[in-house]
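Enquirer: Take this structure, written in structure tokens, and hold onto it; I'll ask about it next.
Residue numbers (this note's numbering): 29 to 270.
Following this line, the structure appears as structure tokens:
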């Protein structure tokens with residue numbers, strides 16, 4: 029692709045919504061290839077929600093790194109393009125101002141954004157993931173860390189909605205039974221706040237709530253945590269009744 033189209037294509041995206049692919053495809057099993065632990069729902073015929081999402085995400089990151097390295101070493105100088113990845117980002121607000129909910133909100137960001145952006149920018153997974161996932165989380169070799177660190181010319185943002193987060197502790201039934209990627213964070217996400225009201229008005233989709241502040245907050249979060257990288261808004265939409 030770089031060789032055939034690099035004279036015309038100047039912006040390359042290696043991965044689109046890797047979190048979505050890893051979690052929905054290999055944790056909850058609602059997207060292709062539909063793998064998850066059998067305890068999660070009857071439609072999953074095979075899979076392991078405790079390990080497969082992390083293995084898949086790890087190899088997505090290695091594939092991204094390989095593509096970026098090829099482009100930078102063989103094509104970027106002569107073609108003058110840029111290369112990055114687009115991440116699916118849900119913005120999170122604390123359910124309450126309690127320390128537990130504030131810390132849970134950061135973990136929710138780590139397990140969604142940091143899962144991919146920390147390795148791409150810093151060379152390794154967030155500390156909160158290492159502490160909670162432990163030996164189920166694959167590790168990078170030192171050579172891999174050196175290659176993946178800084179492997180973005182821009183960060184693509186696919187942002188649709190926002191949610192509240194509250195601390196779920198480490199004794200939830202789902203975590204005890206599954207130890208999956210969604211329960212490992214010890215953070216429960218939901219559209220309704222402590223006052224019973226949704227975070228924003230309902231869009232024409234079961235999971236979308238309109239919260240414009242979430243886009244700016246997501247960009248500011250990336251700017252502050254990751255050293256002000258170039259950001260490209262690659263997806264953003266509000267679904268209306270047609």
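For glycine and all other residues, C-beta sits at the position ideal for the given N, C-alpha and C.
Pull up the DSSP beta-bridge partners for residue 58, would you.
Expert: Partner(s): none; residue 58 has no beta bridge.
Enquirer: Is residue 41 closer than 8 Å to residue 178 when the C-beta atoms are compared?
Expert: No, the pair does not count as a contact, with Cβ atoms beyond the cut-off.
Enquirer: What three-state label does DSSP hand residue 154 in the structure shown?
Expert: Three-state result, residue 154: coil.
Enquirer: Is any heavy atom of the ligand MN found at a distance shorter than 7 Å from the C-beta of residue 147?
Expert: The ligand content of the structure shown is nil, which means the ligand MN is not present either.
Enquirer: So what does DSSP say about residue 195, is it helix, strand or coil?
Expert: Three-state DSSP puts residue 195 in a strand.
Enquirer: To which residues does DSSP link residue 260 through a beta bridge?
Expert: The partner list for residue 260 (beta bridge, DSSP) reads 184.
Enquirer: How should residue 241 be labelled, buried or exposed, when 16 other C-beta atoms within 10 angstroms of its C-beta is the threshold for buried?
Expert: Residue 241 comes out exposed.
Enquirer: Check whether the segment 142–159 touches the segment 252–261, taking contact to mean three or more Cβ pairs, one atom from each stretch, closer than 8 Å.
Expert: With a cut-off of 8 Å, the segment 252–261 and the segment 142–159 count as touching, because enough Cβ pairs lie within range.
Enquirer: Residue 218 and residue 192: beta carbons closer than 8 Å?
Expert: Closer than 8 Å, so yes.
Enquirer: In chain order, what residues of the same chain have a beta carbon less than 6 Å from the beta carbon of residue 212, not counting five sequence neighbours either side?
Expert: Correct list, in chain order: 160, 161.
Enquirer: What is the DSSP secondary structure of residue 48, reduced to helix, strand or coil?
Expert: Here residue 48 sits in helix by DSSP.
Enquirer: Out of 97, 29, 164, 221, which has the shortest C-alpha to C-alpha gap to residue 26?
Expert: This structure leaves residue 26 out entirely; the chain is present only between 29 and 270.
Enquirer: Could you check the C-alpha separation between residue 190 and residue 263 for me, to the nearest Å?
Expert: Distance between the alpha carbons of residue 190 and residue 263 is about 14 Å.
Enquirer: What does a CB cutoff of less than 6 Å around residue 208 pick up in its chain, not counting 5 residues either side in sequence?
Expert: So the qualifying residues of the chain are 55, 77, 78.
Enquirer: Note down the Cα distance separating residue 244 from residue 145, rounded to an integer number of angstroms.
Expert: Taking the straight line from one Cα to the other gives about 18 Å.
Enquirer: Count the other CB atoms, across all protein chains shown, that sit within 10 Å of the CB of residue 37; report buried if there are 16 or more and exposed otherwise.
Expert: Looking at its Cβ environment, which holds fewer than 16 other Cβ atoms inside 10 Å, residue 37 is exposed.
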